[in-house]
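Visitor: Okay, so the sequence shown: first residue is 18 according to the working numbering, each after it adds one.
Cβ coordinates follow ideal geometry from the N, Cα and C atoms, glycine included.
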Amino acid sequence: MPEELLYSRISQMEPMLPDSGKSSELINPAIEVMRRASALSTRLHPVTRRGIVDLVRAMNSYYSNLIEGHHTHPADIERALARDFSTDPAKRALQVESAAHVEVQRLIEQRLEGDPDQDIWGADFLCWIHREFYERLPPEFLVIKTAEGEKRVEPGQLRENEVTVGHHLAPAASSLKNFLARFKEAYGGKSLKPTDSIIAVAASHHRLAWIHPFFDGNGRVTRLFTHASLIKTRIDGHGLWTVTRGLARNREAYLTALAGADAHRQGDYDGRGSLSEKGLELFCSFFLRMALDQIEYMTALLELDGMLKRIEGYVTRQVHLGELQAESFFLLREAFLRGEIPRGEAARITGKPERSARRVLKDLLNKSLLVSDSEKGPVRLAFPTKVAAYYFPLLYPEGIEAGMI
Numbered sequence: 018m019p020e021e022l023l024y025s026r027i028s029q030m031e032p033m034l035p036d037s038g039k040s041s042e043l044i045n046p047a048i049e050v051m052r053r054a055s056a057l058s059t060r061l062h063p064v065t066r067r068g069i070v071d072l073v074r075a076m077n078s079y080y081s082n083l084i085e086g087h088h089t090h091p092a093d094i095e096r097a098l099a100r101d102f103s104t105d106p107a108k109r110a111l112q113v114e115s116a117a118h119v120e121v122q123r124l125i126e127q128r129l130e131g132d133p134d135q136d137i138w139g140a141d142f143l144c145w146i147h148r149e150f151y152e153r154l155p156p157e158f159l160v161i162k163t164a165e166g167e168k169r170v171e172p173g174q175l176r177e178n179e180v181t182v183g184h185h186l187a188p189a190a191s192s193l194k195n196f197l198a199r200f201k202e203a204y205g206g207k208s209l210k211p212t213d214s215i216i217a218v219a220a221s222h223h224r225l226a227w228i229h230p231f232f233d234g235n236g237r238v239t240r241l242f243t244h245a246s247l248i249k250t251r252i253d254g255h256g257l258w259t260v261t262r263g264l265a266r267n268r269e270a271y272l273t274a275l276a277g278a279d280a281h282r283q284g285d286y287d288g289r290g291s292l293s294e295k296g297l298e299l300f301c302s303f304f305l306r307m308a309l310d311q312i313e314y315m316t317a318l319l320e321l322d323g324m325l326k327r328i329e330g331y332v333t334r335q336v337h338l339g340e341l342q343a344e345s346f347f348l349l350r351e352a353f354l355r356g357e358i359p360r361g362e363a364a365r366i367t368g369k370p371e372r373s374a375r376r377v378l379k380d381l382l383n384k385s386l387l388v389s390d391s392e393k394g395p396v397r398l399a400f401p402t403k404v405a406a407y408y409f410p411l412l413y414p415e416g417i418e419a420g421m422i
């Protein structure tokens with residue numbers, strides 16, 4: 018590929034941020050994202066929240082891989098996280114991939130919790146995400162077929178070849194370190210205003226995809242990086258929402274918005290950079306709409322009365338099927354509200370004799386509706402895949418949820 022056709026100068030990636038001062042279409046949703054994400058994170062008992070975060074993490078994996086055309090049923094992801102893999106090689110490979118995404122997201126969260134000042138914008142962190150993800154994948158996912166034959170993905174290594182993504186010719190491999198240095202300079206600085214830092218989460222999502230630093234896996238790495246960005250800007254709601262669900266459910270609009278921000282400057286009224294400022298602004302606007310939509314979705318789901326009614330509705334259905342006793346709801350409700358409850362309180366909570374109350378509790382534990390870290394320790398609410406469609410309607414696409422009920 019002729020060198021003169023490739024992006025090789027960092028100025029060719031400008032602008033890195035749209036001029037938010039000209040656009041209330043970006044400032045207003047950025048403020049709303051900040052406000053509503055902050056409120057979302059205070060709605061639950063921390064123990065209950067951790068259980069929901071585990072579910073959201075698995076859901077994030079489902080949607081991120083779905084964007085790439087890989088479909089793994091949520092129940093299969095749950096089994097994979099329990100190291101229960103299918104005997105079918107193709108199905109098992111997808112399970113391993115899904116589990117890898119969950120595990121790497123958890124690693125990112127742990128790393129940022131342990132070091133809040135962690136630099137997430139530098140090449141080292143991005144390569145670390147790629148390496149951790151690809152080292153967990155099945156061997157066949159590391160071999161990519163190209164027009165020149167099969168090539169192997171090297172975990173954590175920047176690409177050494179030239180690539181075209183759709184109509185976008187990615188920057189020259191020889192210039193990747195320079196582009197990534199500019200990426201870090203633009204988004205990793207300390208001088209951004211709060212609203213601009215939120216707009217930067219959106220802009221950096223596109224610009225990292227535009228740089229396309231790896232031979233394969235750029236989509237997953239970009240979305241995992243964006244999760245880290247949400248944490249750094251303190252708008253992740255402690256892990257209770259994910260923008261990826263919105264991107265996946267609007268996949269064509271997402272890909273169109275990405276491509277629009279790839280465009281070159283369109284005349285004198287389209288900023289002063291090499292790339293289209295209007296295209297980047299439209300992508301950021303789309304991204305912020307998706308973020309706000311997902312925060313509002315989870316906020317509505319976690320409204321207390323509605324949540325308890327859905328849990329009660331699930332129990333009522335199971336009672337009619339002969340699977341649970343009606344008093345089960347009292348234990349589930351108490352666990353949701355208090356985070357965890359001592360086993361010895363089962364009789365008081367259910368209003369049943371001690372022995373009968375223990376049977377109700379044991380039944381809930383056996384059905385994985387409550388969980389405990391030890392045989393005699395306190396119990397807390399669990400969120401297995403089988404209840405997701407009841408507790409969190411539309412968390413997954415309708416056709417998928419129908420198979421979960």
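(1) Using 8 Å as the limit for Cβ to Cβ distance, is E114 near chain D?
(2) Can you tell me which of M30, I84, K393, S41 puts its alpha carbon nearest to the alpha carbon of A363?
(3) For a quick check, are the C-beta atoms of Q311 and W258 less than 8 Å apart?
(4) Where do the N-terminal and C-terminal ends of the alpha helix (DSSP H) with R355 fall, by residue?
(5) Using the three-state DSSP reduction, which class does S208 fall into: helix, strand or coil?
(6) Alpha carbon to alpha carbon, how far is P370 from P414? Give it in angstroms, no decimals.
(7) From N383 to I358, what distance separates their C-alpha atoms?
(8) Whose C-beta lies closer than 8 Å to the C-beta of E167 among residues of the same chain, with five residues either side of it excluded?
(9) Could you give the distance in angstroms between the alpha-carbon of A406 and the alpha-carbon of I328?
(10) Candidates I146, I27, A219: which alpha carbon is nearest V50's?
(11) If distances are taken between C-alpha atoms only, which option among Q127, L61, I146 comes closest to F231?
(12) Please report the straight-line C-alpha distance between S389 and M421, rounded to a whole angstrom.
(13) In or out: E298 buried (at least 16 other Cβ within 10 Å) or exposed?
(14) Alpha carbon to alpha carbon, how far is L34 from E165?
(15) Could you check which residue in Y331, S115, D132, Q135 has the C-alpha nearest to that of P155?
(16) Taking the alpha-carbon positions, what's the T261 to Q122 distance?
(17) Go ahead and label N45 buried or exposed: buried means 16 or more other beta carbons lie within 10 angstroms of its beta carbon, across all protein chains shown.
(18) Which term fits G68, buried or exposed, when burial requires 16 or more other beta carbons within 10 angstroms of its beta carbon?
(19) Inspect the beta-carbon positions of I252 and L43 and report whether they are closer than 8 Å.
(20) Taking the beta carbon of A54 as the centre, do at least 16 other beta carbons fall within 10 Å, making it buried, or is it exposed?
(21) Can you tell me which of the three DSSP states K168 falls into?
(22) What are the uninterrupted segments assigned as beta strand (DSSP E) that are 3 or more residues long and contained completely in the region 184-269, given in chain order?
(23) Within the continuous beta strand (DSSP E) that includes V336, where are the two ends?
(24) Assign T163 to one of three DSSP states: helix, strand, or coil.
(25) Which residues does DSSP pair with H281 in a beta bridge?
(26) Is it true that the region 75-84 meets the region 265-276, where meeting means three or more beta-carbon pairs spaced less than 8 Å apart?
(27) Among the candidates V377, P133, G288, L354, whose CA atom is the shortest distance from the CA of G361?
(28) Let me know if T89 comes out buried or exposed under the rule of 16 or more other beta-carbons within 10 Å of its beta-carbon.
(29) CB-CB under 8 Å to D380, same chain, minus the five flanking residues each way: which ones, in chain order?
(30) With burial defined as no fewer than 16 other Cβ atoms inside 10 Å of the residue's Cβ, what is the status of L411: buried or exposed?
(31) Applying the criterion that 16 or more other CB atoms from any shown protein chain within 10 Å of the CB defines a buried residue, is D134 buried or exposed?
(32) Assuming S41 is part of the alpha helix (DSSP H), what are its boundary residues?
(33) What residues in its chain sit with their C-beta under 6 Å from that of L197, if we drop five residues either side in the sequence?
(34) Taking only three categories from DSSP, how would you classify S385?
(35) Run the CB neighbour count on T178, radius 10 Å, all protein chains shown included, and call it buried at 16 or more, exposed below.
(36) Which residue marks the beginning of the alpha helix (DSSP H) containing L143, and which one marks its end?
Guide: The structure says:
(1) Protein chains in the displayed structure number just one, and chain D is not present.
(2) K393
(3) yes
(4) 345-355
(5) The three-state reading of DSSP puts S208 in coil, since its state is none of H, G, I, E or B.
(6) 42 Å
(7) 17 Å
(8) V160, I161
(9) 11 Å
(10) A219
(11) I146
(12) 24 Å
(13) The residue in question, E298, is buried, as its Cβ has 16 or more Cβ neighbours within 10 Å.
(14) 37 Å
(15) S115
(16) 13 Å
(17) exposed
(18) buried
(19) no
(20) buried
(21) strand
(22) none
(23) No beta strand (DSSP E) contains V336, which is instead part of the alpha helix (DSSP H) from 321-337.
(24) strand
(25) L292
(26) yes
(27) V377
(28) buried
(29) So the list reads L341, Q342, S345, once near-sequence residues are dropped.
(30) By the 10 Å Cβ count, L411 comes out exposed.
(31) exposed
(32) 41-57
(33) So the qualifying residues of the chain are A140.
(34) coil
(35) Residue identity check: residue 178 is Asn in the sequence provided, not Thr. Exposed, by the Cβ-count rule.
(36) 140-151
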